[in-house]
DNA sequence: TATGTGATTGGCT
DNA sequence: GCCAATCACATAG
């Protein structure tokens with residue numbers, strides 16, 4: 001699909017990504033899900049971003065790529081996946097925090113070692129889909145084992161504060177987190193379930 | 001349900 | 001050695 005919606009504005013891209021279908025083909029297994037939760041990280045001006053003030057290290061090097069790149073980092077032994085937006089001068093991206101499982105649910109259950117809560121958190125969904133840092137950091141969307149395509153349309157988008165950045169001063173209050181309102185496959189702050197899981 | 005806390009790993013400085 | 005955009009479980013109410 002056309003990825004140019006990720007070229008200009010990261011906050012808009014984070015909302016446009018809701019409902020897109022993410023598919024991986026890893027270790028011979030196909031898994032997929034619809035994006036339910038995203039967070040925008042606005043690079044140089046955003047205290048919560050890895051590239052705040054232009055910080056550039058081996059770890060966050062991938063943030064300085066063109067839109068459509070994939071940035072994966074590890075923390076506490078978990079992998080988190082971002083889709084890069086804009087260009088090399090704007091190290092911005094969107095963290096994928098939640099998916100509604102679609103294909104390959106049995107494989108996700110096997111990878112996770114449990115039957116539920118497969119993709120309702122950034123570390124959980126990468127594990128379910130087989131995504132790891134070493135083989136996948138720096139790849140590009142739709143040019144390898146990680147792909148996105150058209151999916152569903154959210155009936156309503158909810159914005160809220162980002163999760164897990166409580167020591168980043170004013171940045172903690174930015175409403176840069178977006179969820180499909182009423183969808184149960186989100187990591188926190190669930191609201192009352194909506195009909196059709198919040199899809200149109 | 002909401003909040004708190006312990007576990008724990010990889011990656012940089 | 002220190003830090004982290006997490007997870008899972010325990011406890012209280």
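Residue numbers (full-length UniProt numbering): 1 to 200. Each residue gets a CB set at the ideal place from its N, CA and C atoms; glycine is no exception. All values reported here derive from a predicted model rather than from experimental measurement.
Residue 48 holds the alpha-carbon nearest to the alpha-carbon of residue 170 among 40, 107, 48 and 9. Secondary structure in the stretch 116-184: the beta strand (DSSP E) runs of 3 residues or longer, each lying completely within the stretch, are 146-149, 157-160 and 177-180 in chain order.
Per DSSP, residue 194 lies in no alpha helix (DSSP H) segment and is marked neither H nor E. Between the stretch 22-34 and the stretch 123-133, the count of C-beta pairs closer than 8 Å reaches three or more; the two stretches touch. According to the DSSP secondary-structure assignment, residue 101 is paired through a beta bridge with 33. Pairing residue 6 with residue 116, the inter-Cα distance amounts to about 31 Å. The three-state reading of DSSP puts residue 95 in strand, counting E and B together.
In this structure, residue 63 lies near residue 50, with their beta-carbon atoms less than 8 Å apart. The beta-bridge partner set that DSSP reports for residue 83 consists of 70 and 94. For residue 23, the enclosing beta strand (DSSP E) has its first and last residue at 21-26.
For residue 12, the uninterrupted alpha helix (DSSP H) segment begins and ends at 10-16. Remark: fewer than three beta-carbon pairs, one from each stretch, lie closer than 8 Å, so the stretch 171-183 and the stretch 105-113 are not flagged as touching.
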